[in-house]
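Chemist: Below you will find the structure I want to go over with you.
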Amino acid sequence: MFDRLAERYDLFNHLTSLGMATGWRRETLKPVRPGMRVLDLGCGTGDLMLEAIPLAGLEGEVVGLDFSPNMLAVARRRVEQMEPNEYAPVRFVEDKAENLPIEDKPYDVVVSGFVLRNLYENIDKVLEGVFRSLKTGGQVSFLDITEPDQKGWLLLWQTYMNTMVALYGKLLFGKDYPAFYLTESARRFLKAGEFVQKLKETGFQNIRVKSFMFGAVRLYQAKK
Ligand SMILES: C[S@@+](CC[C@H](N)C(=O)[O-])C[C@H]1O[C@@H](n2cnc3c(N)ncnc32)[C@H](O)[C@@H]1O
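Quick note: the sequence shown, position 42, residue 49 per our numbering, numbers continuous.
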């Protein structure tokens, strides 16, 4: 599915998040400092990576992992268009999130944007892999779509997702877009409290959750 959505994915994202995704991504990248090694899990077309690269600076490194070759091709193209001189070196890895750790040298930060829901069947394995991939003191910063807790907002959100978002999806991707995928994947994934518990069980500490748009999007941050 992601392979088929790659070319128009950025436009879809921008339209459906009402332009707010940029601000959420900035929050997600707050733990990134100069000199850090950063892994972007499920980097897609590279939205998070592109912003992480200048933050990590020349002494840092940014690795983008994704299992979709077409998503990676778009991300590569976008990175190649950047001014190279003062930015962190970048690498792409075509692999599954379930296969972490993928290298021996640990990361300072593992970020992800709108990926966790897609990994619901293997979330324990993925979190364990992330944990093992981090330095002690290393951080995770995971952004994703979630169901709002309050009934009224949930209803409004479901209506928006199943009408406007589904319509954008159909207009941009045609039959390749599964109209109710976003609502369905958010519904079946762990609720915020359950995900926090999962992070604790994996060994993470200092867990913080930030809510955007009345809980329609959440940012989970924690330390190893
Ligand atoms: C909704 S997109 C998000 C892309 C990007 N992180 C962003 O913020 O726009 C989800 C991405 O996760 C990738 N993905 C889904 N399941 C994966 C898995 N098991 N292993 C690696 N990548 C995966 C998809 O290929 C896709 O690029």
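Ideal Cβ placement from N, Cα and C applies to all residues, glycine included.
Taking contact to mean 3 or more Cβ pairs, one atom from each stretch, closer than 8 angstroms, check whether the stretch 22–33 and the stretch 129–144 are in contact.
Modeler: No, the stretch 22–33 is not in contact with the stretch 129–144.
Chemist: In this structure, does DSSP put T143 in helix, strand or coil?
Modeler: In the structure shown, T143 adopts extended strand secondary structure according to DSSP, grouped into three states.
Chemist: Is F121 helix, strand or coil by DSSP?
Modeler: coil
Chemist: Identify the continuous beta strand (DSSP E) that holds I109 and give its terminal residues.
Modeler: Where I109 is concerned, there is no enclosing beta strand (DSSP E), given that its DSSP letter is neither H nor E.
Chemist: Are there any heavy atoms of ligand 1 lying less than 7 angstroms away from the beta-carbon of K103, as far as the coordinates show?
Modeler: yes
Chemist: Pull up the DSSP beta-bridge partners for A229, would you.
Modeler: V147
Chemist: List the whole-angstrom C-beta distance separating L65 from A95, where the pair is believed to meet the contact cut-off of C-beta under 8 angstroms.
Modeler: 7 angstroms
Chemist: Which residues in the same chain have their Cβ closer than 7 angstroms to the Cβ of L189, if we skip the five residues on either side of it in sequence?
Modeler: I152, M168, V172
Chemist: Is T52 a contact residue of ligand 1, with contact defined as CB to any heavy atom under 7 angstroms?
Modeler: yes
Chemist: Note down, in chain order, each residue of its chain lying with its Cβ closer than 7 angstroms to the Cβ of V39, except the 5 sequence neighbours on either side.
Modeler: V45, A59, L62, A63, V116
Chemist: Residue range of the beta strand (DSSP E) that V97 falls in?
Modeler: 97–101
Chemist: So that I know if they touch, is there some Cβ in chain B lying closer than 8 angstroms to that of M43?
Modeler: Annotation note: the requested chain B is absent from the structure, which comprises a single protein chain.
Chemist: Please report the Cβ distance between K235 and F138, rounded to the nearest whole angstrom; I am assuming they are in contact, meaning their Cβ atoms lie under 8 angstroms.
Modeler: Beyond the ends of the chain as shown, which are 8 and 231, falls residue 235; an answer cannot be given.
Chemist: Going by the beta-carbon positions, is the gap between G120 and T23 smaller than 8 angstroms?
Modeler: no
Chemist: Could you check the C-alpha separation between T166 and E110 for me, to the nearest Å?
Modeler: 43 angstroms
Chemist: Report buried or exposed for L18, applying the criterion of at least 16 other Cβ atoms within 10 angstroms of its Cβ.
Modeler: exposed
Chemist: To which residues of the same chain is Y227 closer than 6 angstroms at the C-beta, ignoring the five residues directly before and after it?
Modeler: F149, V216
Chemist: Determine the DSSP secondary structure at L25, reduced to helix, strand or coil.
Modeler: For L25, the secondary structure class from DSSP, reduced to helix, strand or coil, is coil.
Chemist: At the level of alpha carbons, what is the spacing between Q212 and H21?
Modeler: Each residue's Cα considered, the two are about 33 angstroms apart.
Chemist: Under a three-way DSSP split, which group does Q204 fall into?
Modeler: helix
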